[in-house]
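One structure is given here, and the rest of the page talks about it.
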Amino acid sequence: MRHQAMEETISGWNGDADRFLFEPNVFLNGPIEEQTIPKFLDQMAAVRAGTQDLVLELNTIGGDADAARRLALEIRLFTARSGRSAYCVGKTYVYSAGVTILAAFKTQNRYLTSDAVLLIHERRLQQSLELTGPIAACIQIVREKLSMLETGRRLEMESFAEFVEGSKLSASELLRRAESNCYMTAGEALEHGLVGRVLS
Numbered sequence: 581m582r583h584q585a586m587e588e589t590i591s592g593w594n595g596d597a598d599r600f601l602f603e604p605n606v607f608l609n610g611p612i613e614e615q616t617i618p619k620f621l622d623q624m625a626a627v628r629a630g631t632q633d634l635v636l637e638l639n640t641i642g643g644d645a646d647a648a649r650r651l652a653l654e655i656r657l658f659t660a661r662s663g664r665s666a667y668c669v670g671k672t673y674v675y676s677a678g679v680t681i682l683a684a685f686k687t688q689n690r691y692l693t694s695d696a697v698l699l700i701h702e703r704r705l706q707q708s709l710e711l712t713g714p715i716a717a718c719i720q721i722v723r724e725k726l727s728m729l730e731t732g733r734r735l736e737m738e739s740f741a742e743f744v745e746g747s748k749l750s751a752s753e754l755l756r757r758a759e760s761n762c763y764m765t766a767g768e769a770l771e772h773g774l775v776g777r778v779l780s
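Under the numbering used here, the first residue of the sequence shown carries the number 581, and numbering increases by one thereafter.
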């Protein structure tokens, strides 16, 4: 019911809906990688130099989690220091690290197109551990790897907590869903209170 009501609200909100759908001033389409960062920062600098609110179009299969954290930081800084609003329109698919970026926006300013699907999952690691040499040195290697894993887990939980803030889901519930690759439609995200509007 809430999804239907929000869709009806949008029908009387066409001017702003068109602006968000067709006139973004920052684009993030494609994989999120280290080389994505400078291009994104250039677009953000152009927005900061003007007077407009930030409107990000987001469509991504995901990518590097730490690169996504860097982009998310830039969005938070804009929101905190520019005196202007920041909006995100997720289109068609917002997967993996893309959700980290979506989470950087205030819930009411997160929009999805009606066909959008979110993919929420735990951080993935593909790495082997080879131990050679004295036992003390091997123990240190294991400790360093464990510290890396624990840091990654902490950052993951911080991102989940940011994403669910003010919603009907807890961070632990989102983590439980993420353990088995959670695909979530725009309507479901709206029902859970994770986004502010569905645009169609």
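We treat Cβ as the ideally placed atom computed from N, Cα and C, and that holds for glycine.
In this text, all values refer to a predicted model and were calculated from it rather than measured experimentally.
Ranked by Cα distance from residue 697, the first of 640, 619, 720 is 640. Cβ neighbours of residue 744 within its own chain (closer than 6 Å, five residues either side excluded): 751, 754. In the displayed model, residue 629 falls within a helix according to three-state DSSP. Counting along the chain, residue 700 sits inside no alpha helix (DSSP H); it lies in the beta strand (DSSP E) bounded by residues 697-700.
With three or more CB-CB distances shorter than 8 Å, the stretch 679-687 counts as touching the stretch 727-744. In the three-state scheme derived from DSSP, where H, G and I count as helix and E and B as strand, residue 643 is classed as strand. Under the DSSP assignment, residue 722 falls in the alpha helix (DSSP H) whose first and last residues are 715-744.
A Cβ-Cβ contact shorter than 8 Å links residue 747 with residue 687.
A contact is defined here as three or more CB-CB pairs under 8 Å, and the stretch 659-673 fails this definition with respect to the stretch 643-650. Within the stretch 649-694, complete beta strand (DSSP E) segments of at least 3 residues are found at 666-675, 690-693, given in chain order. Classified as exposed, residue 631 has fewer than 16 neighbouring CB atoms from the shown chains inside 10 Å of its CB. In the three-state reduction of the DSSP assignment, residue 755 falls in the helix class.
Secondary structure note for residue 774: it is in no alpha helix (DSSP H), with a DSSP letter that is neither H nor E.
Annotation for residue 648: 612, 677, 680, 681 place their beta carbon closer than 6 Å to its own, counting only its chain and skipping 5 residues before and after.
For the options 596, 710, 619, 635, the alpha carbon positioned closest to that of residue 604 is the one of 635.
By the criterion of at least three beta-carbon pairs nearer than 8 Å, the stretch 718-734 is not in contact with the stretch 653-662. Residue 608: member of the beta strand (DSSP E) spanning 606-609, first to last residue. Taking C-beta separations shorter than 8 Å and ignoring five residues to either side along the sequence, the partners of residue 689 in its chain run 665, 666, 667, 668, 776, following chain order. Out of 601, 654, 599, the CA that lies nearest to the CA of residue 619 is found in 654. Residue pairing for residue 765: DSSP places it in a beta bridge opposite 697.
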